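Chains as they are written, first to last, in my numbering: chain A, 76 to 209; chain B, 15 to 88. Beta carbons: idealized from backbone N, C-alpha and C, even for Gly. This structure is a prediction, so every number in the text was calculated from the model and none was measured. Here is the structure we will look at.
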Amino acid sequence: MSYLEKRAWIYGIVAIVVPVAYAVVLLARRPAAGLADTHYAGPMLVAVGAAILLNIAAGSLVGGPVRRDERDKAIGRLGEYAGFYVMSIAAVVPLVLAMREAPYFWVANALYLALSLAALVSSAVKIVAYRRGF
Amino acid sequence: MGKPTRVTNSIRALRFAHGEMTQADLAERIGVTRQTVIAIEQGRYSPTLETAFLIARVFAVPLEEVFQYAQEQS
């Protein structure tokens, strides 16, 4: 397995684990008044920061600097392309929520979910491309 | 798992015919990673035209001796 394929796996795993952990924290801190009143900003910032740090740390553990050849670049483009489409579609949800003047909680979390889904799909497409070809 | 390309190749045979050249050696000579050579050999990736010509040049054969395009079955 190439270094960049390992990076795609790491990116995908982080894109699952961190949002799930974030959701667990939110549910645990849910006040009696309802989920929309949960203080989400702190945990969300921690989740975003943790995802970045985990990607950097795990990436450095599986190898060092690597040469990207034409196949790596093509797979990278394919993954980013898929992620862009998912993000474009999923971003409609927070947009509609904002238009409907939904609580900030739902707008921010719908946006976070869209970003997480885009990252997950992007890495999944890269992994499939590495393993099955394209 | 079906192959995603109809392009087939004779790289493996050509490597062995050229002093059992390793995939790593070929990768080094054409400027790609060993994983990419493996993917090309297994038909999981169709290289760019430039890389295809580089591979043919390494083995000193015409492009058609390295890569073949399967006829469409009717």
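- DSSP, read as helix, strand or coil, puts VAL51(B) in helix.
- Counting along the chain, THR22(B) sits inside the beta strand (DSSP E) bounded by residues 21-23.
- Note on geometry: alpha-carbon atoms of TRP84(A) and ALA132(A) lie some 14 Å from one another.
- Between MET119(A) and TYR187(A), the C-beta gap is smaller than 8 Å, which places the two residues in contact.
- The residues PRO169, LEU172 and ALA173, in chain order, have a CB closer than 6 Å to that of VAL182(A) in the same chain once the five nearest residues on each side in sequence are set aside.
- The beta carbon of ARG29(B) is closer than 7 Å to those of MET35 and LEU40 in its chain, skipping five residues each way along the sequence.
- Under the criterion of beta carbons closer than 8 Å, LEU129(A) and VAL89(A) qualify as touching, at roughly 5 Å.
- Taken through DSSP and simplified to helix, strand or coil, TYR115(A) comes out as coil.
- Interface flag for GLN85(B) against chain A is unset, since no Cβ pair is found closer than 8 Å.
- The Cβ-Cβ distance between GLY138(A) and LYS201(A) does not fall below 8 Å.
- Taking CB atoms only, VAL46(B) has a neighbour in chain A less than 8 Å away.
- Against chain A, a Cβ distance below 7 Å from GLN49(B) picks out SER77.
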